[in-house]
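Participant:
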Amino acid sequence: MRDALATVVEHSDKGNEPLQWNDVSESLSNEEWGRLIREGVLVSDGTGFTVANPERVREALQPDEPMDTTTDTDGIEAESWAWYDKAAGLAALSLFAGYWSTGIRDTIASYDDLLLAPVTDAFPFFAVIILLAIVTGLYSTVLQSRLRDTEKIQAYQKRVNELKERKEAAKERGDDEALAELQEEQMEVASDQLGMFKLQFRPMVWIMLLTIPVFLWLRWKVRGGHLGASEFGLIVPLAGAVGWQEPLFGPMKTWIVWYFLCSMVSRQLIQKTFDIQPTASQSD
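So the sequence shown is residues 514 to 797, counted in my numbering.
Structure representation (structure tokens):
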């Protein structure tokens, strides 16, 4: 590829000007042109293709200088969970059984009630839900920001976007050979989704360890008849006085809607207060 690089540098004013295929078609083969684009030596700038790193290319053309035209597009390394991550995952799956098993739910809720009984004695039930929403929101937001590997997720997103741009460029110039090779690379990128899933699901496992017991306790408290006689429900605009077990939004009961609303608001406030980014979609 040294000759191909030399041709590109020569026709692009030492890598400073954009190129079109017609500019070098007499000196380069279709395959060489496609390879330069596939390996990231040439990148599209909207009007043509420019040398991605002119200085590096010029160094590679120096005598006795090793040439490396590849870019850092390796797939995301599959994330290996530590033993405690796996243990947390198994525990979270076990807690899920409480949604269907009354015995498991009652057992979990009775232990939760030992800790929450002083809170329920001191505050009305709607305020208890607010406090729980704030605690779970803080726990969830901090864990997600600390356990999410933002750099790897951004690397994956960048690779997907670059591959899309290279496919569009290959379609524009009608390079079927490059499209076939890019299709193979796309299959490799698809295999990275397993690593992405592990990266994104790891914080969720730890978050569920707290949120599931809280939700089970709330369900046990309301549906099990463990509320005080004075804990009727909420006064909601337009709907008026609504009991905790009455449907408020479609089939969703009042206590579920109130808990989710409090959770969403508390998480937004926590993210704003501590300047925590909720996603990894920030651009480089």
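In this text, a Cβ means the ideal position worked out from N, Cα and C, and glycines have one as well.
Please read these numbers as outputs of a predicted model, since none were measured by experiment.
When we look at the beta-carbon of Pro716 and count the other beta-carbons within 10 Å, is it buried (16 or more) or exposed?
Facilitator: Buried is the call here.
Participant: From Asp558, Met700, Leu518, Arg515, pick the residue whose C-alpha is nearest to that of Pro531; which is it?
Facilitator: Here the closest residue by C-alpha is Asp558.
Participant: Over what stretch of residues does the beta strand (DSSP E) that includes Thr563 continue unbroken?
Facilitator: 562-564 is the extent of the beta strand (DSSP E) around Thr563.
Participant: Does DSSP put Leu644 in a helix, a strand or coil?
Facilitator: DSSP places Leu644 in helix when its eight states are reduced to three.
Participant: Does the beta-carbon of Glu523 have 16 or more other beta-carbons within 10 angstroms, so that it is buried, or is it exposed?
Facilitator: Glu523 should be labelled exposed.
Participant: Please state if the CB of Trp757 and the CB of Gly746 are separated by a distance shorter than 7 Å.
Facilitator: In this structure, Trp757 lies closer than 7 Å to Gly746 by Cβ.
Participant: Is DSSP giving Pro760 helix, strand or coil here?
Facilitator: Correct three-state label for Pro760: strand.
Participant: Provide the residue span of the alpha helix (DSSP H) that contains Gly547, from first to last.
Facilitator: First-last of the alpha helix (DSSP H) with Gly547: 543-551.
Participant: Please report the residue range of the beta strand (DSSP E) in which Gly746 lies.
Facilitator: Run containing Gly746: 746-749, per the beta strand (DSSP E) assignment.
Participant: Distance check for Ala691 and Arg548, CA to CA, integer angstroms please.
Facilitator: About 8 Å.
Participant: State the DSSP-derived secondary structure class of Val755, mapped to helix, strand or coil.
Facilitator: Note: Val755 maps to strand in three-state DSSP.
Participant: Between which residues of its own chain and Glu678 is the CB-CB distance below 7 Å, once the five residues before and five after are set aside?
Facilitator: Cβ within range, chain order: Ser557.
Participant: Excluding the 5 residues flanking Ala622 on each side, which residues of the same chain have their C-beta closer than 7 Å to its C-beta?
Facilitator: Here the set comprises Leu729, Trp730, Trp733.
Participant: Count the other CB atoms within 10 Å of the CB of Thr520; is the residue buried (16 or more) or exposed (fewer)?
Facilitator: The residue is buried, with at least 16 neighbouring Cβ atoms inside 10 Å.
Participant: Whose C-beta lies closer than 6 Å to the C-beta of Ile643 among residues of the same chain, with five residues either side of it excluded?
Facilitator: If we look at Ile643 and ignore the five residues flanking it on each side, its Cβ neighbours are Cys775.
Participant: For Leu555, which residues does DSSP report across the bridge?
Facilitator: For Leu555, which the question treats as bridged, DSSP gives the partners Val564.
Participant: To the nearest angstrom, how far is it from the Cα of Asp619 to the Cα of Val749?
Facilitator: Their Cα atoms are separated by approximately 30 Å.
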